[in-house]
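Participant:
Written as structure tokens, this is what we have:
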């Protein structure tokens, strides 16, 4: 069986600029996420960052990627539109996309959703409890009725997204808010999963339950069918003329 | 403009059997809900209860009903299957259905959803905060970012429903749970809205925000198009033979 | 890797009563479908029919079934309600369900959909052309832009179903009708696929493209996650106590 | 009751450049559509075209528009991105959008869908028959089981769109193709309807059934709730403080 080829894309700006964030993720958020994936031997894991040439996502690499994970925050605007278009095209062809936390405001997520993707937020390091809405869903395997992240940034409703095709997690925040934290869509031939936790100032991606969800999501996001190379063909006379009785 | 003909169906069992519940709703839950609707002059409001002949829902009355509101709890099993089938048929034709609170386990809701409609629950009189997921939705008009019910029964995820076509409210509970509290579906030609609050031991249906939501929901649920009298016709030779160039 | 355990349920009434149908399917429709599956060594295939004890679907057999295929027509009413409920429960737990052709009017399909599932129809042995709506979908693999069934019963819109979560095939009929012929839903933890072709008087299930679609559908329908044993638990004091105002 | 303020946007390029098209629509496609709307006295109808300043869609005009109708074809690329963004923002706030025919490839439709919106096509002037999938839907009122356009361009599946939330029409083409011709979505607070017919070389928009569908669609698309002015607020201390562990 072929391995699932995963690329973890991290903006890698906070970690370079802020001593405080570097202490939390000295290896970079992208590398921490990649390490959490590496325990699954069915994955072939690589990373890419904003400052790499073509943001680390040249055409031929994307063509060979099954699942792309996206973490970005302060530098969304620096992502080149041509690369965003390239990623969108690959998702519509069948590549899975896992959008994490502040990636809700990335160009690629907004482009695939068609909506504002906005929300309310608060940085207070409060407790988040994520409830499972469908205990049988593949992305929720290994998770009990809920799990908690002890200190996280809060994201609250309204979340400006199209109605999710399936909602896997809902978050409860100690400060009184709720959020659709695990949402599934299909666009073209590609699956998309948004997963909320992961503020840069907390070691959330070191938490076993979070790593489990990300691994599950990669399995769920892996392409199931063929690559759909889309076009707009002019079909001439119909394949066999018309009705043959 | 014709009035919207609403029937509020209440089981009316708790109110008869329990002195404590009767104190909360001496007029009956169904009548309290009906009173909350009566301030809107575009409504023509009636009530029906389990003990009425045909549960108060004879064929000709249903035929003239635009929106049916359903509150039931301990006596779901006493609702006659023939009446459930009749209500289902009217919903598929275009009648709106508002299912309240413990109505999640009513025969009619389970039949229209096709799923278990189960959930987790706790009676602790805790605080519920309902967040609006789409501030522009007609059902949320007049509600701020959220509203609170000071003492309610808790309902929590997983809620065994098909993916809602739109989620209008999400609840946060003081005890740590979350719930999809305002959910929209269309089945056949009829709209369905599930709205969570309303345990019999609390005066929830006297609360202005709850009454506002119920009035909004009735407007949203009112039939928009024609009555679809469904059938399975055998169409003979196609209407005009086949392809004419 | 464990095999996918498939049960093909066939009503097996036409084949017993009608000489003409017996000539088309001397082995029975269910057995013909099962034979088409047997070329895939990852399947463990069995059959069941209406006249078997418990319709061939005792509790312990269903518990060990991953995907159930359902073909019925003239004897829908003879299927015991208790068995229908049992099948529904297994679907909600995670078993896949493939509903074929006239199974649109089976008790199990109507129960899971919550709608009439009605349509228009004509027996004229006309040509059906099935178009692929998403060429990358796993159920469409191995199928070109479309395939044709030379002689089939016509089913036309309106088809009284909830909006499909994904539409894989649309049919064009020589007589002038169209139909949503390949539709996906999820209910509880189980996937459901409706596939239109397969009238008893034509050898449709011997056609390679039809067999390909059915094999693809079985792979897609196989459970992905854990079995969800649903319940309605009363959760006592919340994990860390309740915050009372 | 306030009138529904409709703006019909037409590219108006074919009509200027081609004598043949000008013969079909001497008044312009946009004006023909506007004339079809004017029989409904609840509408306040205006038009706008590509060559108008700001394409006829200045900020204050859009702010006062309830439903925008969009017909474009050869000049999609000439529509300024800033105007597309402005229209998208208004749709998400609540303005309805009716996208016609070749508008499937407009910037605004692709942006709201997030997908390729591609399809197959043929200009053979063949017959199109549009079937109603839900006879009770408000957009289908006044239409029988189907209606025909005698000569039209063919559009066929696969149509690269997200799964429609409701499918109102499916087309059958004489040449052997099918298409999802009437599709509903909601994005943010705005409703979107795509309606297929209307090639520039045929007088399709003079046909009574087509005019009926467009009028119905305007009623359905009109905003129901409040304008949602979206933002991403940082909510400070939560309403009643935060519960810190």
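Residue numbers (the working numbering), protein chains in the order written: chain B, 1 to 245; chain E, 1001 to 1245; chain U, 2001 to 2245; chain D, 3001 to 3245.
For each residue, glycine too, the CB sits at the ideal point set by N, CA and C.
1. Would residue 2164(U) be called buried (16 or more neighbouring beta carbons within 10 Å of its own) or exposed?
2. Determine the burial state of residue 3189(D): buried for a count of at least 16 other Cβ atoms within 10 Å of its Cβ, exposed for fewer.
3. According to a CB-to-CB cut-off of less than 8 Å, which residues of the region 2186–2207 of chain U neighbour chain B?
4. Does the beta-carbon of residue 1222(E) have 16 or more other beta-carbons within 10 angstroms, so that it is buried, or is it exposed?
5. To the nearest angstrom, how far is the alpha carbon of residue 2152(U) from that of residue 2104(U)?
6. Which term fits residue 3042(D), buried or exposed, when burial requires 16 or more other beta carbons within 10 angstroms of its beta carbon?
7. Which of helix, strand or coil does DSSP assign to residue 2220(U)?
8. Residue 2113(U) versus chain E: which residues are under 9 Å apart at the beta carbon?
9. Using a Cβ-Cβ cut-off of 7 Å, state whether residue 124(B) counts as contacting chain E.
10. Show which residues of chain E have a CB atom less than 8 Å away from the CB atom of residue 3227(D).
11. Please tell me whether residue 157(B) has its Cβ less than 7 Å away from any Cβ of chain E.
12. Taking only beta-carbon atoms, is residue 224(B) less than 7 Å away from chain U?
13. Please determine, among 27(B), 117(B), 234(B) and 91(B), the residue with the shortest C-alpha to C-alpha distance to residue 102(B).
14. Flag residue 170(B) as yes if its beta-carbon sits less than 7 Å from any beta-carbon of chain E, otherwise no.
15. Going by beta carbon distance, what residues of the same chain come within less than 8 Å of residue 157(B), once the five residues before and after it are set aside?
16. Give the straight-line distance between the Cα atoms of residue 1066(E) and residue 3233(D), rounded to the nearest whole angstrom.
17. Which residue wins for smallest C-alpha separation from residue 1100(E), given the options 1227(E), 1184(E), 1126(E) and 1226(E)?
18. List the residues that DSSP assigns as beta-bridge partners of residue 2183(U).
19. Residue 2150(U): which of 2216(U), 2174(U), 2160(U) and 2076(U) sits nearest, CA to CA?
20. Using a Cβ-Cβ distance cut-off of 7 Å, determine whether residue 3163(D) contacts chain U.
21. Contact criterion: CB-CB distance below 7 Å. Does residue 1243(E) meet it with respect to chain D?
22. Less than 6 Å between C-beta atoms, sequence neighbours within five positions excluded: which residues of the same chain meet that for residue 194(B)?
23. Within 10 Å of its beta-carbon, does residue 2007(U) have 16 or more other beta-carbons around it, so buried, or fewer, so exposed?
24. Between residue 3025(D) and residue 3015(D), what straight-line distance do the alpha-carbon atoms span, to the nearest angstrom?
25. Assess, as a yes-or-no matter, whether the region 1106–1116 of chain E is touched by the region 1199–1206 of chain E under the definition of 3 or more beta carbon pairs within less than 8 Å.
26. Taking Cβ to Cβ, would you say residue 3216(D) is nearer than 7 Å to residue 3139(D)?
27. How far does the beta strand (DSSP E) with residue 2044(U) in it extend, from its first residue to its last?
28. Can you tell me whether DSSP reads residue 3210(D) as helix, strand or coil?
29. Below 8 Å on the Cβ atoms is my contact criterion, and I expect residue 3049(D) with residue 3010(D) to pass it. Report the Cβ-Cβ distance as a whole number of Å.
30. Please identify the residue among 2169(U), 2088(U), 2141(U) and 2168(U) whose C-alpha is closest to the C-alpha of residue 2070(U).
31. Whole beta strand (DSSP E) runs in the region 1092–1131 of chain E with 3 or more residues, listed along the chain?
32. When you compare the CB of residue 2141(U) with every CB in chain B, is at least one pair closer than 7 Å?
33. Taking the alpha-carbon of residue 1086(E) as reference, which of 1114(E), 1060(E), 1208(E) and 1038(E) has the nearest alpha-carbon?
34. Could you pull out every residue in the same chain whose Cβ sits closer than 6 Å to the Cβ of residue 141(B), ignoring the five residues on either side in sequence?
35. Between residue 2133(U) and chain D, is there a C-beta pair that is closer than 7 Å?
36. Which partner residues does residue 2234(U) have in the DSSP bridge list?
Facilitator: The short version:
1. It is buried - the Cβ of residue 2164(U) has at least 16 other Cβ atoms within 10 Å.
2. The residue in question, residue 3189(D), is buried, as its Cβ has 16 or more Cβ neighbours within 10 Å.
3. Within the region 2186–2207 of chain U, the residues whose Cβ lies closer than 8 Å to some Cβ of chain B are 2186, 2188 and 2189, listed in chain order.
4. By the Cβ neighbour-count rule, residue 1222(E) is buried, with 16 or more other Cβ atoms within 10 Å of its own.
5. If I take the Cα positions, the gap works out to 16 Å.
6. Residue 3042(D) is exposed by the Cβ-count criterion.
7. In the structure shown, the three-state DSSP call for residue 2220(U) is helix.
8. Near residue 2113(U) (Cβ distances below 9 Å), the residues of chain E are 1114 and 1187.
9. With a threshold of 7 Å between beta carbons, residue 124(B) makes no contact with chain E.
10. The contact set of residue 3227(D) on chain E, defined by CB atoms closer than 8 Å, consists of 1136 in chain order.
11. At a cut-off of 7 Å between beta carbons, residue 157(B) contacts chain E.
12. Interface residue, yes.
13. Taking only the C-alpha atoms, the option nearest residue 102(B) is 117(B).
14. With 7 Å as the cut-off, residue 170(B) counts as an interface residue toward chain E.
15. In chain order, 119, 120, 177, 178, 179 and 180 place their CB closer than 8 Å to the CB of residue 157(B), counting only its own chain and leaving out the 5 sequence neighbours on each side.
16. Their Cα atoms are separated by approximately 39 Å.
17. Looking from the CA of residue 1100(E), the closest CA among 1227(E), 1184(E), 1126(E) and 1226(E) belongs to 1184(E).
18. Residue 2183(U) has 2167(U) and 2194(U) as its beta-bridge partners, per DSSP.
19. Residue 2174(U) holds the alpha-carbon nearest to the alpha-carbon of residue 2150(U) among 2216(U), 2174(U), 2160(U) and 2076(U).
20. The beta-carbon of residue 3163(D) is placed less than 7 Å from the nearest beta-carbon of chain U.
21. Model confidence at residue 1243(E) stands at a pLDDT of 35, short of 50, so the residue's coordinates are unreliable and nothing is read from them.
22. The answer, listed in chain order, is 99 and 183.
23. With 16 or more Cβ atoms within 10 Å of its Cβ, residue 2007(U) is classed as buried.
24. Rounded to whole angstroms, residue 3025(D) and residue 3015(D) show a C-alpha spacing of 7 Å.
25. The answer is no - the region 1106–1116 of chain E does not touch the region 1199–1206 of chain E, with fewer than three Cβ pairs under 8 Å.
26. Cβ distance < 7 Å, so residue 3216(D) and residue 3139(D) count as in contact.
27. It spans 2043–2049 - the beta strand (DSSP E) in which residue 2044(U) sits, taken as one unbroken run.
28. Note: residue 3210(D) maps to helix in three-state DSSP.
29. Between residue 3010(D) and residue 3049(D) the Cβ distance is about 5 Å, and since that is below 8 Å, they are a contact.
30. Considering only alpha carbons, the answer is 2088(U).
31. Entirely contained in the region 1092–1131 of chain E, the beta strand (DSSP E) runs reaching 3 residues are, in chain order, 1096–1100.
32. Any Cβ of chain B closer than 7 Å to the Cβ of residue 2141(U) would place that residue at the interface, and such an atom is present.
33. Minimum Cα distance to residue 1086(E) is reached at 1060(E).
34. So the list reads 216, once near-sequence residues are dropped.
35. So yes, residue 2133(U) belongs to the interface.
36. DSSP lists 1121(E) as partners of residue 2234(U).
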